[in-house]
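Visitor:
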Amino acid sequence: MMQVTDLMPFIVLLPLIAGPVCALLPGRGLPWLLATLTAGTAFVLAALTLGAVFDGGTLRYAFGNWAPPIGIEYRVDAANAFVALLITGVAAVLLPWGRPLVDHEVPERQGAFYALFLIALAGLLGITLTGDVFNVFVFLEISSLATYALIAQGRDRRALIAAFRYLIMGTVGATFLLIGIAFIYLLTGSLNMADLAERLVASEDSRALQVALGFIVVGFSIKLALFPLHHWLPNAYTYAPSLITAFLAATATKVALYVMLRFIFDVFGPAYSFMALPLSAGFMALAIGGMFAGSWLAILQSNLKRMLAYSSVAQVGYMVLGVSLVTLGGLSAAFLHLFNHGLMKAALFASAGIIAWRCGSVRIDDLRGIGRQMPWTLTAFALAGLSLIGIPPTAGFISKWYLISAAINADQLWLVILILITSLMALVYIARVVEVAWLQPRPDDAPTVTEAPWTLLVPVWLLVAANFWFGLDTRLTVGAATAAAEALAGGGLLP
Amino acid sequence: MLAEWLHPALVLAFGALPLAVLQGRARQVWQLALPLLVLLLVAGLEDGARVTLELAGLELVPLRADGLSLVFAWIFALILVIGNIFALQVDDGAQHVAATLYAASGLGAVLAGDLITLYVFWEVMMIASVWLIWRRRRQAAYNAGFRYLIVHALGGMLLLVGIIAHWQGTGSLAFDAFTAGGAAFWLILAAFLINAAAPPLHAWLPDAYPEATVTGTVFLSAFTTKTAVYVLARGFPGTELLVWLGVFMTLYGVTYAFLVNDIRRLLSYHIMSQVGYMVAGVGLGSALAISGTAAHAFTHILYKALLLMGAGAVLQMTGRSKLTELGGLYRYMPVTFLLYMVGGLSISAFPLFSGFVSKTMIIEAAAVDGRGVVFLLMTLAGVGTFMSTTLKLPWYTFLGHDSGLRPTEAPLNMRLAMGIAALLCFLIGIMPGWLYAILPYPVDYNAYTASHLLKEMQLLLFTGLAFFLLLGVLGGKDKLSLDLDWFYRVPGWRALAGIRNGLAAIDGGARAAFMRRFHAAEAWATHLRLSDWPLRSWPIGSMAIWTAVVLALLLLAGLGG
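From first to last, the protein sequence lines are chains H and W.
Those letters in the first sequence? Residues 795 to 1289, per my numbering, in order.
Those letters in the second sequence? Residues 119 to 679, per my numbering, in order.
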């Protein structure tokens, strides 16, 4: 498997190098083509890497041949290979989909736009693959800065304010992370994750380590939009360009969750983390709060994109709830939902993007009767919505099944009831859109809209098909999620 | 054999797709050919046929044909043919797709041999059936459909949790009789009972069915509750609770049917009442009772579809469905009237009609078990059924005073569908042998004994006599209060009226209280929405404060400890 180990760093390096090149390319077609090819190649590499991880365990690559504790090391096991597959896969499908939308929303200087996109992609992948904690911070800042700029490109003036709010919150989060890393470095003198895991055992009595853990967890909680630190998310998702919304919704919060779990379970170790701070109870409380507040606010929304954004807050709650059980089953369910939610939100935001483009509005009231005018788009939305609610045979059902199993296994039956109530709430807000779009007549004074061209529909339906495929064939998702949970838990530490 | 790989439910589900695009004559041809093909496939299923499938480490049995499931598969396929003939003139692709998918899910559920397959079809059933309500395209139908959807989603989730709990408890996903006790048992039972419309989880049925489309109600009456009866018979035979719940349902449905004015709502309450017999039969659990349940489900689907087709034809031709607005239609719709009466005689278990050969089986099973009270109460409910379905409804719809309506007879295909159903009701009534032959357990039962005939005829004739003696009192202005008057004047019925009034009061009170709370919550939600309080964007300062609060709490709890 020598070959794959050598290719693996290029998952990050390709978009990182292609980004600046993209900025120099003239016109509209070329930057887009380069971005798409890069994302597609990265996807192939990520798939190869995941295959190699399944065959041969952890892959390691030391940059510049500097031995790991000193140099920067990429360390890939099932957990991050799985997340990288999701990120690259979503990017590779969304870029072909987003081209007409970007032409519409960002008519000027598209070279810079796609360059920022590639850099954000590289940042997210870097966070995912690296085995060095300071490297995590650097890539987090790279992806965040690119993301702020991308959100500000939205056509609505409010996109600027949304980007500014995200910038403030994101910077607070990154600063917290930096403070935490600094504490760890002072205690151990090391920045390599695997090395830290060994050295931190000596300072387990230290107050400073507890504080470091607290800062790191809260810092990442902002990035993953854990309730009540989610306030940057709805505006950012609502006003960003459609391509950026769909991409971020499917990937950004997932990466933050993954890397937080990497810190909690690998660097600090679950035995220490959950004893040093009341993380289990805290996560559970905030997850439940997020599930209810997010679902309830989603029901109240009158803007389709904002509704989906609040639904993301609720769905993050499910993932964190799985983590808070501190069992292998719960962790697997969290990883599984991380992947499946990426698929369903990508499909939902992608169809919402088409609606925004064709209708010129995403107010739910303006969508009356468009089901008959854009049947393919709205059917895709409804089917992806089924996955969000968790109706079989969709990926969402598989997530729900494993999450409920984990809760029952952990003897927490009351959690099951809460999960059921919130999925009923999901039914309400999805069915509301379906009802408005299909059952209400189009008002006479409303403009006639036409179906989007097939170039947009094919990627959306590809995502919808993926939702159904992974609802039927769960070998990849469940296998990888279980392997990811086992890789993180390090075997035997969890009940 | 071939039929094992051509799963009828899958054939039907994929066959539904062309209905979305086909138009006119081609759609009608396909609409007839597809159910006939499925009927053939079901006919090709052999007792004991079984398809197993290994998926993600789980042993699935998407197809299991045995005595019990075959009876239901047969009648589902049969009613699909009849319902499609009835719906032939409807030019609404979405409705046909929904009805066909709905039937496919019903077939899939009764043929499912494991709980996962069952759950999948269970959820598809929910989603497909709600469109039959929504396609009425009225605000009331949208609202009723939404309530229907929420209740069934809740049921589906209970089922899912129950299945997971069962799986973790026993390690098996096979769908057989559940052992009593434990969370899984009660969760799955509750989910099944929601679909069977058992009180207090019944309100969705009389709420939603009368709001469905004319042709949709025919399908709705056949699949959801009867699938529930099947799964109860499969999973919970001999559960004592079901006996009493079933008896309660028979009486509850009958008493409520007296109160309502809408003909399709009246018939909906009778679905509940008739399903009560089946639920009680499942509860009794003996071979005779289970066979009786299956037989009654078979005949019930036919005659209830016939009754609803008759009521639907009236609604279609006159645009009205209230007893107080109808009357004197027999001169203009004689065929509909006569065919409806065949259904009416069947549901009231009149000898020579289908209800007689099946309902008496369940009542007989109660008698054989030595349950006198159950026997009497079920007999009593039968009297009420005859009174309202067979006498009151036709009297005020087809006979009685002339409402001034001058409709024409229903279209030919509607009459044809009703005719087929009526013919089957009659054939089963006079030749019950072939129905008995396909029952899950071999039964040695003869409906046409002197004692059965005598008992049934006495009951029905005296009920009829009472009805016509009191007709003068019954006819008139305000139906509902007159109904009450009439009950008070007949001493023998006083107890029944008391029960009914008590139920109505409790039920009405609970509903009123619920609606008050609901309106209060709604007003609050509207207030929140108007005030924009939860929707506003938070200032950056407060976002930062929240961050500080979370960090402080976390560290305080961690370091203080």
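Heads up, the beta-carbon is just placed ideally off N, CA and C, and yes, glycines get one too.
1) Quick one: using the 10 Å Cβ neighbour count with 16 as the cut-off for buried, is Gly620/W buried or exposed?
2) For Pro180/W, which three-state DSSP category applies?
3) Is Ala127/W close to chain H, meaning its C-beta is less than 8 Å from at least one C-beta of that chain?
4) Under a CB-based cut-off of 8 Å, is Ser1000/H close to chain W?
5) Determine, using beta carbons only, whether Met1078/H and Leu1115/H come nearer to each other than 8 Å.
6) Just to check my reading of the structure: Glu762/H and Thr1171/H have Cβ atoms closer than 8 Å, yes? What is that Cβ distance to the nearest angstrom?
7) Helix, strand or coil: how does DSSP classify Tyr868/H here?
8) The ligand NAP heavy atoms versus the CB of Phe1009/H: any closer than 7 Å?
9) Is the CB-CB distance between Thr882/H and Ala914/H below 8 Å?
10) Closer than 8 Å, CB to CB, is Gly1286/H near chain W or not?
11) Can you grab the Cα-Cα spacing for the pair Arg925/H / Pro318/W, in whole Å?
12) Which of helix, strand or coil does DSSP assign to Glu172/W?
13) Since Gln904/H meets chain W, which of its residues come closer than 7 Å, beta carbon to beta carbon?
14) How is Thr507/W classed by DSSP in three states: helix, strand or coil?
15) With a threshold of 8 Å between beta-carbons, can Arg951/H be considered close to chain W, or not?
16) Please name the residue in Ala675/W, Gly445/W and Tyr421/W whose C-alpha comes closest to that of Val432/W.
17) By the DSSP assignment, the alpha helix (DSSP H) with Tyr554/W in it spans what residues?
18) Buried or exposed: Gln146/W, going by 16 or more other Cβ atoms within 10 Å of its Cβ?
19) If contact means a Cβ-Cβ distance below 7 Å, which residues of the stretch 947-972 of chain H contact chain W?
20) Who are the Cβ neighbours of Pro1186/H in its own chain at under 7 Å, not counting the five residues just before and after it?
21) Is there a C-beta anywhere in chain W that falls below 8 Å from the one on Ser1199/H?
22) So the candidates are Tyr868/H, Arg1226/H, Leu994/H and Ala1141/H; which of them puts its Cα closest to the Cα of Val806/H?
23) Going by C-alpha distance, which of Leu163/W, His519/W and Ala144/W is nearest His63/W?
24) By the criterion of Cβ-Cβ separation under 8 Å, what are the contact partners of Leu1218/H in chain W?
25) Going along chain W, which residues have a C-beta under 8 Å from Pro1064/H?
26) On the DSSP letters alone, give me the boundaries of the beta strand (DSSP E) that Ala856/H sits inside.
27) If the cut-off is 7 Å on Cβ atoms, which residues from the stretch 654-668 of chain W count as contacting chain H, listed in chain order?
28) With 8 Å set as the bound, which would you pick, yes or no: does the beta-carbon of Leu994/H sit closer than that to a beta-carbon of chain W?
29) Do Gly676/W and Gln1004/H have their CB atoms nearer than 8 Å?
30) Cα separation between Asn531/W and Thr331/W?
31) Determine contact between the stretch 449-460 of chain W and the stretch 386-399 of chain W, defined as no fewer than three beta-carbon pairs at a distance below 8 Å.
32) Strictly by DSSP, which residues pair up with Lys440/W?
33) If Pro1169/H and Val1120/H are in contact, beta carbons under 8 Å, what's the gap, nearest whole angstrom?
34) Compare the C-beta of Ala675/W against all C-beta atoms of chain H and say whether one is closer than 8 Å.
35) Anyone know if the C-beta pair for Ala1040/H and Ala1140/H falls short of 8 Å?
36) List the DSSP bridge partners of Ala292/W.
Guide: The short version:
1) Per the 10 Å Cβ criterion, exposed.
2) Note: Pro180/W maps to strand in three-state DSSP.
3) Ala127/W does not count as touching chain H.
4) Contact of Ser1000/H with chain W is not assigned, every C-beta pair being separated by 8 Å or more.
5) At a Cβ-Cβ threshold of 8 Å, Met1078/H and Leu1115/H count as neighbours.
6) The structure shown does not extend to residue 762/H, since chain H spans only 795 to 1289, so no value can be given for it.
7) Residue state, collapsed to three classes: strand.
8) The ligand NAP is absent from the structure shown, which contains no ligands of any kind.
9) It is not a contact, given that the beta carbons lie outside the stated cut-off.
10) For Gly1286/H, the predicted structure reports a pLDDT of 45, less than 50, and the residue's modelled location is therefore unreliable. A value from the coordinates is still provided. Contacts with chain W at 8 Å (Cβ-Cβ) do not include Gly1286/H.
11) Residue 925/H is actually Gly in this sequence, not Arg. The C-alpha of Pro318/W is placed about 58 Å away from the C-alpha of Gly925/H.
12) Strand.
13) The contacting residues do not exist; Gln904/H stays about 29 Å from chain W at best.
14) Helix at Thr507/W.
15) No, its Cβ sits nowhere closer than 8 Å to a Cβ of chain W.
16) Nearest C-alpha to Val432/W: Gly445/W.
17) For Tyr554/W, the enclosing alpha helix (DSSP H) starts and ends at Gly551 to Ala555.
18) Here Gln146/W is buried: its Cβ has 16 or more other Cβ atoms, across all protein chains shown, within 10 Å.
19) Of all residues in the stretch 947-972 of chain H, the ones placed with a Cβ closer than 7 Å to any Cβ belonging to chain W are Arg959, Ile962, Met963 and Val966, in chain order.
20) Around Pro1186/H: Gly1265.
21) Answer yes: the Cβ-Cβ gap between Ser1199/H and chain W drops below 8 Å somewhere.
22) Minimum Cα distance to Val806/H is reached at Tyr868/H.
23) Outside the displayed range of chain W (119 to 679) lies residue 63/W, so it cannot be described from this structure.
24) For Leu1218/H, the residues of chain W that pass the 8 Å Cβ criterion are Ile268, Ala271, Leu272 and Met275, in the order they occur in the chain.
25) Residues of chain W passing the Cβ test: none, with the nearest at roughly 15 Å.
26) DSSP places Ala856/H inside the beta strand (DSSP E), whose first and last residues are Leu853 to Ala856.
27) Within the stretch 654-668 of chain W, the residues whose Cβ lies closer than 7 Å to some Cβ of chain H are Ser655, Trp656, Ile658, Met661, Ala662, Trp664, Thr665 and Val668, listed in chain order.
28) Judged by the 8 Å Cβ criterion, Leu994/H is not in contact with chain W.
29) Yes; because the gap between Cβ atoms is below 8 Å, this pair is in contact.
30) Note on geometry: alpha-carbon atoms of Asn531/W and Thr331/W lie some 17 Å from one another.
31) Judged by Cβ distances under 8 Å, the stretch 449-460 of chain W makes no contact with the stretch 386-399 of chain W, as fewer than three pairs qualify.
32) Answer by DSSP bridge pairing, in chain order: Asp380/W.
33) That pair is no contact at about 46 Å.
34) Interface residue, yes.
35) It is a contact, given that the beta carbons lie within the stated cut-off.
36) According to DSSP, Ala292/W shares a beta bridge with Asp232/W.
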